[in-house]
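This report concerns only the one structure given below.
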Amino acid sequence: AYAKFSGVPIQMHVTNNPFWSPSGKLPVFRHGKVTLSTYTEIVAYLAKKKFSADFGLTPRQHSEVVAYSQLLQERLLPALNFIWTGSTSSPWGQKLTHEAVTCRRWLNERNHQELTRPWYCKALPWPLNFYYPGSYERSSRALVNTMFDKFEEPSVVENGLYTDAERCLTALSHRLGESEFFLGAHPTSLDATVYAYLAPLLKAPFPCPALQNHLKACTNLVKFVVRVTQRYFPTAAQEYEAKRRAEEIKKTRESEKEFPHKRRNQLLATLFAFLAMVGYALSTGLVQVSAEYHELDNSDDYDEVPESDSDQ
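Everything in the sequence shown is counted per UniProt numbering, starting at 1 for the first residue and increasing by one.
Put into structure tokens, the structure is as follows:
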């Protein structure tokens, strides 16, 4: 995003192999014999080549760029790492069996098992998909380690991460307001940084989207992500929309296909529950079935036998 905002004539090469990256992560910036993999290095290098998204900013605006970038790194990044790499173990190797562990810790375990790890394992080539997912997870845990005391309750750690992240998103929403970009009519390095954090959080199909829902509640931030994507990454926007619609159609067809069986199962479950309740009520005596037997009156059912002539 920063290169786009700065007007750098770059070429995109799609790859799923981070092995040749200096940091073991993607993306990587290459120019001639220069290979860079961190945002700070890339910005500094482009500035030397007279490319910058921050030309024309006032000293106060430069200070805002630094302040909000630091806010994102300290308040939002740890929560994102927590969401993407949640697991059944705490950052210090202790099992999270304490009753104080909140439900959201389990939700992050679902995100990790159902989204993050399968996604990386599928996207990365063999045998790198056996190494890098675990490496990224350990790196994320190390980040959380630096923020909390090792004796801190896991629930305190989690709630602290979520609270800081939600406050950060709210602060960004208030700063953006009704503007298209954060510091004027054109995007700056701050817009690039915010977009890099928010776009994956908004678009990733989390099974349990706790923090994602808070972002969606900040409608101006959602519009900001959509605006930047459509304006500067139109191809990616079209591909994402086409993929989203295809998934919706697939889910609709699967739902329609399963409807008769689902309806049948619901009816059978209802019938079974009813019979079970009736059987329980009868066995415990809550419901009794009584039967009345009426004695037969012979005088009503048969005529008297007439007397014979000999009796007269």
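Backbone N, C-alpha and C define an ideal beta-carbon position, used for all residues, glycine too.
Among the bridge pairs identified by DSSP, F182 is matched with none.
Straight across, the Cα-Cα distance linking R138 with P205 is about 23 Å. Under DSSP, R30 shares a beta bridge with T35. In this structure L46 is in contact with S6, their Cβ atoms being roughly 6 Å apart against a cut-off of 8 Å. One thing to note: L124 has its Cβ within 9 Å of the Cβ of N16.
In the three-state scheme derived from DSSP, where H, G and I count as helix and E and B as strand, I10 is classed as coil.
In the structure shown, the three-state DSSP call for F82 is helix. Here T58 is exposed, its C-beta having fewer than 16 other C-beta atoms within 10 Å. Collapsing the DSSP output to three states places L176 in a helix. Only exposed fits I249, as fewer than 16 other CB atoms lie within 10 angstroms of its CB. By the neighbour-count definition (other C-beta atoms within 10 Å, threshold 16), S52 is a buried residue. DSSP places T163 within a helical segment (H, G or I) once states are collapsed to three. Taking the CA atoms as reference points, E41 sits about 16 Å from K4. One alpha carbon belongs to L161, the other to L268, and they sit about 45 Å apart. The distance from the Cβ of V222 to that of K216 is about 6 Å, consistent with a contact at the 8 Å cut-off. Close CB contacts of R75 within its chain, under the 8 Å cut and outside five residues either way in sequence, are with D164, A165, R167 and C168 (chain order). Take the alpha-carbon of E180 and the one of L198: they are about 15 Å apart. For the 9 Å CB-CB criterion, Y68 and L190 form a contact.
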